[in-house]
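S.K.:
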């Protein structure tokens, strides 16, 4: 029988008997399940499953080995401490920014950073950096203004500390004090748990140095625009001062390189990782330092990592960190590190974590000794050279964030598939492992390590060339990624559990029955409320794909299938929107006729994460819920190329839900030849779709003009900031009206409204718990009043809104009480209107001027007005506001700060 052996996959070089171990680099990675003849293809079950999903033919019919990971133990009686490689008498230099007067250390770049303390202030940081970017174009030595938005600590002041609190503080502090940051503006809201003041106190207490120019800025202006103006006032005077910083000759002892890999393949351990390890050895000989990371990607390679180590305590600490990582993983539904390898890893020869680890460990040169083991984001010791390991997940972006916070000022990023990610203020040298991939992606890669295989270049020469490259880059030469102008960050995300659960079945998400709540029979007032709602209409568009229902606008959606294609999706959506707005040639006129605007949904998921049980279903529901949303006129999925949730995975999910995949476009950053070519493919697909609509009379008529639709046809998500009397009464009135008019309202189970006796009594005559009718992001199938479950591990309002929109909400209404918006403003969603109403029955509307600035609508008491009249007036005003927002006659204030975030749920954990 003929089989297809893919590039980078393994065959046996000798007979292997059933039950015998399979070895790679002399270390075990599996056990044969039958006799395997010489030259036979070596396959496990997960690799075959992944390749079948990608529709690769000619594969073996079944696996012939099972995975093996052997625990490593230290024989203390034979342990020998090994000192580091000797330092040269004369060490080299590079041209860097001396920060010894402030932070300490030497910068390889000269940035101004806008750092939000939490996810809640992330949209502000991004908007401020965008506003300041034009001001840096004429600067010479200032490298720019960068925002560092992240997903963490989305907790209000009265909330519980997140489980990753300590590492989060270390990370943020390490970024602020980093020598590549000449100036830093730390921003956050007074209502957050992690305010700028909290971070400053931590930094001062732990001895972190501040940059020469810095400010800890607590947001809280009357409007979002006022806060933006204040931020500009703070940063603008820094720019000319930062531009005066000059590079000077600095010793290589001030260079600290992060060793990182992503999208690895079987050749990573042959060429790319050894080249990086060789260059790191050269740097250590010159007095510098290198930092290895990704704890779970060294499981199975512990014996190699510890083959040379400084002392016994360091060896034990390394193994303790590995054991801790495994334990935390196991808490989340009994998972193991086997969930780490991605689809791209398996496609290119890394079938399991042992094989992946054996190659990843080659970033440590065989001559180099392990000098120390650091917590995530723990600072490197000052004045000491060496080779260090830093605890982190295998998730590339999360791992890099910790390495940078520890003090790394340059990054070696080794990739087999062709990962294109960059860190905002530290240069990333991307090293690809094969010449064929380099040719495919040469406009996105910096260094071709594949010359070791196909040109016979010796490893010492390859490593020396890379060593010289990092000196040039650290002295100011721009990397290809820097020239491309895209970057992203992700901090080690909070995990949901502190320990094992008694019954793992309780972590299953499952599906609810989807049936609306059984509410109290309506009285005359309920009938009046329903009539009032039916009389209101909005400008609606027919749902795409021939589905029922209406959208509020026609969106062109570029959906990244994973975190690593997110910024490219954002970039191409922006370019398409510019083309659409300009009209004219290049398809702009056709786009303008078919689409109101283009959006992308960058997120942090889809790879570098493990799920137990049905946890991956949560990600699928979120992705499909947005793809199939009634506001989406046309959509394309953009994969990175090596993730777990690649295009083939998405196609399979669509087919499993009986969705015609031909409705959608698909593009791949890696497989389509890089950023420029994949961007062109995305643009071409949308233009061809729009031109097809132009040519079709029936489609053109459907896409031509909106038509009035009754407001009850728009599913509304109802969130509450408070359970105060007025807010609860308005929420109950809205729910009754939509129920009576046969519309749909979705309330998240985390809403304070469901803890309000007033709301529950008004709505359903109950003061007890209300069981959810929908799981998180479960699509609506029946009209009525629904409660959507918000599972453990979902704490941020942004993630709650993500689930509500994925379920089918066409608008989101946030009802606040007397202090609505004063601490933290409501953040918008990229695809649907989010409106904010303040309801306060104890205060006259005329006395609520401050609240009026922060909210879209303020409702209060009027003189000589009884309760029923007030509540009907409130209802009328609120549904009119919803109609105006849905018809785009009103731009909600939440649209000033838009965010999107994918939840992980109870078992999602960084891998």
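In the numbering used here, the protein residues as written are 204 to 1114. Every residue gets a Cβ at the ideal spot worked out from N, C-alpha and C, and that includes glycine. The model shown is predicted, which means the values in this text are computed figures rather than measured ones.
#1: Please state the DSSP three-state secondary structure of residue 548.
#2: In terms of residues, what are the limits of the alpha helix (DSSP H) holding residue 214?
#3: Classify residue 855 as helix, strand or coil using the three-state DSSP reduction.
#4: Starting from the N-terminal side, write out each stretch of the beta strand (DSSP E) that is 3 residues or longer and does not extend beyond the stretch 555–584.
#5: Could you compute how far the alpha carbon of residue 1150 sits from the alpha carbon of residue 823?
#6: Just reading off the alpha helix (DSSP H) that residue 520 is part of, what are its end residues?
#7: Do residue 335 and residue 200 count as a contact pair if the criterion is CB distance below 8 Å?
#8: Which residue from 526, 1093 and 517 puts its Cα closest to that of residue 503?
#9: For residue 214, which residues of its own chain have a beta-carbon under 7 Å away from its beta-carbon, when the five flanking residues on both sides are left out?
#10: Less than 7 Å between the CB of residue 993 and some heavy atom of the ligand SAM, yes or no?
#11: Counting beta carbon pairs with one atom in the stretch 313–320 and one in the stretch 685–697, are three or more of them shorter than 8 Å?
#12: Among 646, 530 and 671, which has the Cα closest to the Cα of residue 881?
#13: Can you look up residue 277 in the DSSP assignment and give me helix, strand or coil?
#14: Buried or exposed, going by whether 16 or more other CB atoms sit within 10 Å of the CB of residue 377?
#15: With distances taken from CA atoms, which of 910, 392, 707 and 830 is nearest residue 818?
#16: Give the DSSP-derived three-state secondary structure of residue 264 in the structure shown.
#17: Using the C-alpha atoms, what's the distance from residue 442 back to residue 652?
#18: Cutting at 7 Å between CB atoms, please list the residues of its own chain near residue 313, excluding the five before and the five after it.
#19: Keeping to the same chain, check which residues put their C-beta closer than 6 Å to that of residue 666; ignore five residues upstream and five downstream.
#20: Would you mind giving the Cβ-Cβ distance between residue 1059 and residue 1084, rounded to the nearest angstrom? I have them listed as a contact below 8 Å.
#21: Inspect the CB distances between the stretch 452–462 and the stretch 607–623 and report whether three or more fall short of 8 Å.
#22: For residue 942, count neighbouring Cβ atoms within 10 angstroms of its own Cβ and tell me buried if that reaches 16, exposed if not.
#23: With contact counted as at least three CB pairs below 8 Å, one residue from each stretch, are the stretch 229–240 and the stretch 271–290 in contact?
#24: Need the endpoints of the alpha helix (DSSP H) that residue 676 sits in, please.
#25: Check for me: the beta strand (DSSP E) holding residue 224 runs from which residue to which?
#26: Based on the DSSP secondary-structure assignment, which residues constitute the bridge partners of residue 269?
#27: To which residues of the same chain is residue 332 closer than 8 Å at the C-beta, ignoring the five residues directly before and after it?
#28: Determine, using beta carbons only, whether residue 452 comes closer than 8 Å to chain B.
#29: Is residue 476 helix, strand or coil by DSSP?
#30: Hey, residue 772 and residue 761: beta-carbon distance below 8 Å or not?
#31: Measuring straight from C-alpha to C-alpha, what distance separates residue 939 and residue 921?
#32: Taking the alpha carbon of residue 284 as the point to measure from, which residue in 311, 325, 224 and 519 has its own alpha carbon closest?
#33: Using 8 Å as the cut-off, can you tell me whether the stretch 786–795 makes contact with the stretch 804–815, which would need three or more C-beta pairs spanning the two stretches below that distance?
#34: With distances taken Cα to Cα, identify the nearest neighbour of residue 977 among 400, 951 and 277.
#35: Out of 387, 1013 and 260, which one is the CA nearest neighbour of residue 192?
#36: If you run the structure through DSSP and keep just helix, strand and coil, what is residue 979?
M.R.: By the coordinates alone:
#1: Counting from one through the chain shown, the residue named residue 548 turns up at place 345. When secondary structure is reduced to three states using DSSP, residue 548 falls in the helix class.
#2: Start at 1 with the first residue of the chain shown, and residue 214 comes out as number 11. For residue 214, no alpha helix (DSSP H) encloses it, and the DSSP letter there is neither H nor E.
#3: Taking the first residue of the chain shown as 1, we reach residue 855 at position 652. It is helical.
#4: Those beta strand (DSSP E) runs which fall completely within the stretch 555–584 and span 3+ residues are 575–577.
#5: For residue 1150 there is no data in the structure shown, the boundaries of the chain being 204 and 1114.
#6: Indexing the chain shown from 1 puts residue 520 at position 317. Start and end: 515–534.
#7: Limits of the chain in this structure are 204 at one end and 1114 at the other, which puts residue 200 out of reach.
#8: As a first step, residue 503 must be located in the chain shown, where it is residue number 300. Comparing Cα-Cα distances from residue 503 to each of 526, 1093 and 517, the minimum goes to 526.
#9: Reading the chain shown from its first residue, position 11 is the one you call residue 214. Excluding residues within five positions, the ones whose Cβ falls inside 7 Å are 208, 242, 243, 244 and 245.
#10: The model depicted lacks the ligand SAM and carries no ligand whatsoever.
#11: The answer is no - the stretch 313–320 does not touch the stretch 685–697, with fewer than three Cβ pairs under 8 Å.
#12: Sequence index remark: in the chain shown, residue 881 carries index 678 (1-based). Ranking the options by Cα distance to residue 881, first place goes to 646.
#13: Residue 277 sits at position 74 when you count from the first residue of the chain shown. Shown here, residue 277 sits in coil according to DSSP, grouped into three states, outside any helix or strand.
#14: Locating residue 377 in the chain shown gives position 174, where the first residue counts as 1. It counts as buried.
#15: Sequence index remark: in the chain shown, residue 818 carries index 615 (1-based). If we check each option's Cα against that of residue 818, 707 comes out closest.
#16: Here the question's residue 264 lines up with position 61 in the chain shown. Residue state, collapsed to three classes: coil.
#17: Start at 1 with the first residue of the chain shown, and residue 652 comes out as number 449. Start at 1 with the first residue of the chain shown, and residue 442 comes out as number 239. Within the model, the alpha-carbon separation for residue 652 versus residue 442 is close to 38 Å.
#18: Residue mapping note: residue 313 aligns to position 110 of the chain shown, counting from 1. Excluding sequence neighbours, residue 313 sits near 300, 344, 345, 346, 385, 445 and 448.
#19: Counting from 1 along the chain shown, the entry for residue 666 is found at position 463. Cβ neighbours of residue 666 within its own chain (closer than 6 Å, five residues either side excluded): 478, 481 and 482.
#20: On the chain shown, position 856 is the one that residue 1059 refers to. On the chain shown, position 881 is the one that residue 1084 refers to. About 6 Å; that satisfies the 8 Å criterion.
#21: Here the stretch 452–462 makes contact with the stretch 607–623; the two share three or more CB pairs at distances below 8 Å.
#22: As a working mapping, residue 942 is identified with position 739 in the chain shown. Flag for residue 942 reads buried.
#23: Three or more beta-carbon pairs separated by less than 8 Å link the stretch 229–240 to the stretch 271–290, which places the two stretches in contact.
#24: Counting from one through the chain shown, the residue named residue 676 turns up at place 473. Residue 676: member of the alpha helix (DSSP H) spanning 662–677, first to last residue.
#25: Here residue 224 corresponds to residue number 21 of the chain shown, with the count starting at 1. Taken as a continuous stretch (DSSP letters only), the beta strand (DSSP E) holding residue 224 covers 224–227.
#26: Against the chain shown, residue 269 aligns to sequence position 66. Bridge partners of residue 269: 234.
#27: Looking up residue 332 in the chain shown gives position 129. Within its own chain, the residues whose Cβ lies closer than 8 Å to the Cβ of residue 332, once the five positions on either side in sequence are excluded, are 317, 348, 349 and 350, listed in chain order.
#28: The chain labelled as chain B is not found in the depicted structure, where only one protein chain is given.
#29: Taking the first residue of the chain shown as position 1, residue 476 is located at position 273. Residue 476 falls in the helix class under three-state DSSP.
#30: If you number the chain shown from 1, residue 772 lands on position 569. If you number the chain shown from 1, residue 761 lands on position 558. Yes. Within cutoff.
#31: Position 736 of the chain shown, counted from the start, is the residue given in the question as residue 939. Position 718 of the chain shown, counted from the start, is the residue given in the question as residue 921. Each residue's alpha carbon lies about 12 Å from the other.
#32: Residue mapping note: residue 284 aligns to position 81 of the chain shown, counting from 1. Looking at the Cα atoms, 519 is the closest of the given residues.
#33: Verdict: no, contact absent.
#34: For this step, residue 977 is matched to residue 774 along the chain shown. Looking only at 400, 951 and 277, the smallest Cα-Cα distance to residue 977 is reached by 951.
#35: Past the boundaries of the shown model lies residue 192; the chain is included only from 204 to 1114, so the question cannot be answered.
#36: Locating residue 979 in the chain shown gives position 776, where the first residue counts as 1. In the structure shown, residue 979 sits in coil (DSSP, three-state: anything other than H, G, I, E or B).
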